[in-house]
Each structure stands twice: as structure tokens, then as C-alpha cells.
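Trainee: In terms of our numbering, the sequence shown has 658 at position 6, counting the first letter as 1, and numbering is strictly consecutive. Virtual Cβ for every residue (Gly too), placed ideally from N, Cα, C. Treat the numbers as computed from the prediction; the structure is a model and nothing was measured. Below is the structure I would like to discuss, written out as C-alpha cells.
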Amino acid sequence: MSPSTDLRPNEETVALAAPNDASLRFIGHIETPWNNRADCPRQGHRDGPECRLVLHPVWAAALNGLADYPVIEVLYWLDRSRRDLLTQSPKHNGETVGTFALRSPVRPNPIGTSLVRLIGINGHIVRVRSLDCLNGTPLLDIKPNRCDFTPQALPK
Ligand code: SAM
């Protein structure tokens, strides 16, 4: 799937040099039931289908201890997004707002994050629920949801 080039009314773009100022290392990919955006949920559901974080086998030892956490944070690279929108007009409400006021996959660095339920770990494969990404999405990182260290929502 190639990045979408469609613009909606009132959306603005910025001309950017090719991004080359940081390098990330994908640690694997994510297997989900969704092969197109129309089917993919906008945010994961608590009781969503089982998905698999398939790490490169070299990272298997890095999963030691993760099974102690029923909820983990997954960071992934929304690789099929365009990256040049300043403003966006989400189709569900027709308003136009700035990219940083949205959790849209379209952003300069298309990093997605989700808190997901850990089902189990088999070697280099982590089974989870509550994801919202397309099948084959590159995996960036996994963190435990440790209440002592996870950033808390600020009070209103
Ligand atoms: N939960 C994450 C977050 O809040 O950072 C991502 C939320 S984003 C609204 C989820 C949407 O991104 C999905 O509904 C789908 O339309 C789109 N998406 C999922 N995987 C993608 C990928 N690999 N490349 C581009 N878009 C993707």
C-alpha cells in the first residue's frame, strides 16, 4: 500500500526535505487481522482480536520479565501514512485542526502508541489484544505499564 496523497478541504501541507536526521531500528513487525484502513479500528478495543508482535528472534531475551505485566505499551511505525500535513480535517467531524491536536496516523514522525493486554509470550512472539494497526506494521518498542514509572494523566 502506498502513502495516501488525498487532501481534504482546508488541509495544508508543508514542503519538507527527505527525513534523514534520526534512525530507528525496527525490532520486528505486528500481525493483525486488518489489511486496509477501512477495517482497522481507530483505537484498540479492550476486547479486540488477538494480534501478534513478532520480534526478530535476536530480541527474544529482551522479553524476559515482560510476562509479569498484564498491560504493556507498544510503539509502532505507521508506515503507510503521509507525513507532511500541518492541518487535518478528520472525516468523522469535518472540522480542521492542527496535526498535533490529533492522534491521527498522519504526522511528521508517524509513531503510534497503544496500551494493550498481554495474552502470552512464546519465544520471540508476544500475543496481545487492543491494537489498532494494519497487518505488517513495523514494531518500534515495547514497554511495561509499570505504575511507578508510567507517565500518569495530568489532573484537569
Ligand atoms: N493508537 C495509536 C495512537 O494513538 O498513537 C494509533 C491511532 S491511529 C488513529 C490508528 C489508525 O491509523 C487506524 O485506524 C488506521 O486508519 C491507521 N493505521 C494503522 N496502521 C497504519 C499503518 N501501518 N500505516 C498508516 N496508517 C495506519
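Rounding to the nearest angstrom, what Cα-Cα distance links Trp729 and Lys808 in this structure?
Mentor: For the purposes of this step, residue 729 is taken as the residue at position 77 of the sequence shown. For the purposes of this step, residue 808 is taken as the residue at position 156 of the sequence shown. Rounded to whole angstroms, Trp729 to Lys808 spans 30 Å at the Cα level.
Trainee: Tell me whether Gln740 counts as near the ligand SAM, meaning its Cβ is closer than 7 Å to at least one heavy atom of that ligand.
Mentor: Counting from one through the sequence shown, the residue named residue 740 turns up at place 88. False, no ligand heavy atom lies under 7 Å from that Cβ.
Trainee: Taking 8 Å as the threshold, find out whether the region 698-711 comes into contact with the region 765-780 through three or more Cβ pairs.
Mentor: With the cut-off at 8 Å, the region 698-711 and the region 765-780 touch.
Trainee: What is the DSSP secondary structure of Asp793, counted as helix, strand or coil?
Mentor: Numbered from its first residue, the sequence shown carries residue 793 at position 141. Note: Asp793 maps to strand in three-state DSSP.
Trainee: Return the chain-ordered list of same chain residues with a C-beta closer than 6 Å to the C-beta of Lys795, the five sequence neighbours on each side being excluded.
Mentor: By 1-based counting over the sequence shown, the position of residue 795 is 143. Correct list, in chain order: Glu725.
Trainee: For Gly717, list the residues DSSP reports as bridge partners.
Mentor: Along the sequence shown, one-based indexing puts residue 717 at 65. In the DSSP output, where bridge partners are listed per residue, Gly717 has none listed.
Trainee: What span of residues does the beta strand (DSSP E) with His681 cover, start to end?
Mentor: Within the sequence shown, numbered from 1, the residue matching residue 681 stands at position 29. Run containing His681: 680-683, per the beta strand (DSSP E) assignment.
Trainee: Does DSSP put Val710 in a helix, a strand or coil?
Mentor: The count along the sequence shown starts at 1 and reaches residue 710 at position 58. Helix, per DSSP.
Trainee: From which residue to which residue does the beta strand (DSSP E) around Leu727 run?
Mentor: Locating residue 727 in the sequence shown gives position 75, counting from the first residue. Under the DSSP assignment, Leu727 falls in the beta strand (DSSP E) whose first and last residues are 723-729.
Trainee: What first and last residue would you give for the beta strand (DSSP E) that runs through Leu770?
Mentor: If you number the sequence shown from 1, residue 770 lands on position 118. Note, Leu770: beta strand (DSSP E), 763-774.
Trainee: With C-beta atoms as the reference, is Leu754 less than 8 Å away from Thr684?
Mentor: Taking the sequence shown and counting its residues from 1, one reaches residue 754 at position 102. Taking the sequence shown and counting its residues from 1, one reaches residue 684 at position 32. No, the Cβ-Cβ distance between Leu754 and Thr684 is not below 8 Å.
Trainee: At a cut-off of 7 Å, would you count Arg698 as near the ligand SAM, judging by its Cβ distance to the nearest heavy atom?
Mentor: Here residue 698 is taken as the residue at index 46 of the sequence shown, counted from 1. The answer is no for Arg698.
Trainee: What does the alpha-carbon distance come out to for the pair His681 and Leu791?
Mentor: What you label residue 681 is simply residue 29 of the sequence shown in a count that begins at 1. What you label residue 791 is simply residue 139 of the sequence shown in a count that begins at 1. His681 and Leu791: Cα-Cα distance of roughly 5 Å.
Trainee: I need the straight-line Cα distance from His776 to Ala667, nearest angstrom please.
Mentor: Against the sequence shown, residue 776 aligns to sequence position 124. Against the sequence shown, residue 667 aligns to sequence position 15. If you take the alpha carbons of His776 and Ala667, they lie about 40 Å apart.
Trainee: Quick check on Leu659: buried or exposed, where buried means 16 or more other Cβ atoms within 10 Å of its Cβ?
Mentor: By 1-based counting over the sequence shown, the position of residue 659 is 7. When all chains shown are included, Leu659 counts as exposed.
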